[in-house]
Amino acid sequence: MKIEYTLLKEEKNTSARLGNIKTKYGTFETPMFMPVGTEATVKTLSVEEIKDVHAGIILSNTYHLWLRPGEDVIDHAGGLHEFMHYNGPILTDSGGFQVFSLAKPKDITEEGVLFKNHINGDKLFLTPEKSIEIQNKLDSDIAMSFDECPPASATYEYLKQSIERTVRWAKRGKLVHKNENQMLFGIVQGGPYEDLRKWSAEETVKIGFDGYSIGGVANDHESKEDMYKAFEFSTKYLPKNKLRYAMGIGEPIDIIEGVIRGIDLFDCVSPTRLARHGHALTKYGKINIKNAQYKEDFSTLSLDCDCYTCQSKYSKAYIRHLIVANETLGARLLSIHNIRFLIHLTEEIRLAIKNDSILEYKEQFIKDYYGDKNE
RNA sequence: GCGGAAUUGGUGAAGUGGUUAACACGCCGGAUUGUGGCUCCGGUAUGCGUGGGUUCGAUCCCCACAUUUCGCC
């Protein structure tokens, strides 16, 4: 079955949109936040818990699964869904982000990218074709083109030649894409520059993809202003009837600003990473559960949260103790809560789009979340 | 009872006759945006057992006391 996207409604005052995605693993609505499961696991969560937080779709990673356990192992298991015992939709990233996070600039060539395997030091060469072939085998529901994700500090000149190469890579990847059940997305790059984003978007659209990602955002201390420009200057030149996905975006306010600029999908490691480091997202801001003030705070994280952790009445004091003692249950309880918080945020956003009140929603959110901090 | 050794922050400890007493852990904060999972960045002793002395100056030298510890009778 071919996965399908339907645009249901556009918000009256902004570019926000409501849609749904039908896959053979179920249908979900957009805007949606996708929890990250790089190593074929949303860290510390069981698949039942992933379902429990109402995740419409999760994300996994080509590069990491290529290295370990290897795409053939997953292929022999019957694909990634079977392998990880998860029967919901999955999106795979192409390894493009690892070009940014793991490779050195000198190792990036027209042909592909040379990586030094971070597990055992082996030299590995990843190409656009190889990335797509691996994703074909993983049998994810949505695959990403292999792109170069340049740092926010990249110069205009560098970005220009980088987006040209990313477009050539997108063409090469599409040529070898053989999985009929899988959507393939192109990726728009170009930093905060409108002419580069425009060119990148238009050239990528010419190739023709099932959806378009906005990449190169939220890298190395990019300003919020530049990030929102990147959103706007990308979606402006993308077709309305196709999905848009802001890669790596996950701060609550950034999700709202992204939605307002016409983005449908978001993913971010932050809810799980923050959880491991002892932070909880709440309507009234992010809290650091390790702070001494929670030592004897026997209340739940949030009164109006419907996640397992809050509904089961685990207290801040107990979770604090677990985190301080480095017990994995602490990371798990906070991960469940944080992911649920972001998915619940998208539920409220969808409701606001239905009511044409996304700007009011944003204003109220900022008031609650940042309080007097005046963000 | 005799002899030796030790005494530095919450802990383990380094150190010097002369501006801000190393480091680690802990503790207290902060960071974290397509995840290289025990990470990164700050802060944390106005005082070096107590009392005297020597000295321009002592945590560092000397004396006494206290405490701890080891050995011997």
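First residue of the first sequence? That's 178 in our numbering, and the numbers climb one at a time after it. Think of the CB as a built atom: it goes at the ideal place given N, C-alpha and C, for glycine as much as any other residue.
For R349, the closest of K307, G196, D316, A331 by C-alpha to C-alpha distance is K307. Following the DSSP letters along the chain, one finds P212 inside the beta strand (DSSP E) bounded by residues 209–212. Within the same chain, F260 come within 6 Å of A254 by CB-CB distance, once the 5 residues on both sides are set aside.
When only Cα atoms are considered, T269 and S317 end up about 6 Å apart. At a Cβ-Cβ threshold of 8 Å, F408 and G435 count as neighbours. Between the segment 530–537 and the segment 469–486 there are fewer than three inter-stretch CB-CB distances shorter than 8 Å, so the stretches are not counted as touching.
Looking from the CA of A320, the closest CA among L361, K383, P416 belongs to L361.
Restricting attention to I543, Q312, R342, the CA atom closest to the CA of D249 is found in Q312. L315 and W346 have their C-alpha atoms spaced approximately 20 Å apart. For N313, the enclosing alpha helix (DSSP H) has its first and last residue at 305–315.
Looking from the CA of N264, the closest CA among Y389, E540, I235, A280 belongs to I235.
About 4 Å separates the CB atoms of S390 and Y422; that is less than 8 Å, so the two are in contact.
Separation of K383 and F210 (C-alpha to C-alpha, rounded to the nearest whole angstrom) is 27 Å. Classified as buried, T304 has 16 or more neighbouring CB atoms from the shown chains inside 10 Å of its CB. Taking every protein chain shown into account, the CB of M178 has fewer than 16 other CB atoms within 10 angstroms, so this residue is exposed.
Taking the C-beta atoms as reference points, C326 is found nearer than 8 Å to F274. Counted as a single uninterrupted DSSP element, the beta strand (DSSP E) harbouring H456 occupies residues 456–459.
Counting every other CB atom within 10 Å of its CB across the protein chains shown gives T204 a total below 16, marking it as exposed. For F443, there is no enclosing alpha helix (DSSP H); the residue is found in the beta strand (DSSP E) stretching over 442–445. Looking at the DSSP output, K293 sits in a beta bridge with K300. With contacts defined by Cβ atoms closer than 8 Å, Y370 and Y335 do not form a contacting pair. For T183, the uninterrupted beta strand (DSSP E) run begins and ends at 181–187, by DSSP. CA-CA distance, D284 to P328, rounds to 15 Å. By the criterion of a C-beta distance shorter than 8 Å, T459 is surrounded in its chain by L478, S479, C482, F518, once the five residues flanking it on both sides are discounted. Secondary structure of Y202 (DSSP, three-state): coil. Excluding sequence positions up to five before and after E187, its CB lies within less than 6 Å of the CB of R194, all in the same chain and listed in chain order. Fully enclosed beta strand (DSSP E) runs of no fewer than 3 residues occupy 319–321, 360–365 of the segment 307–366, in order along the chain.
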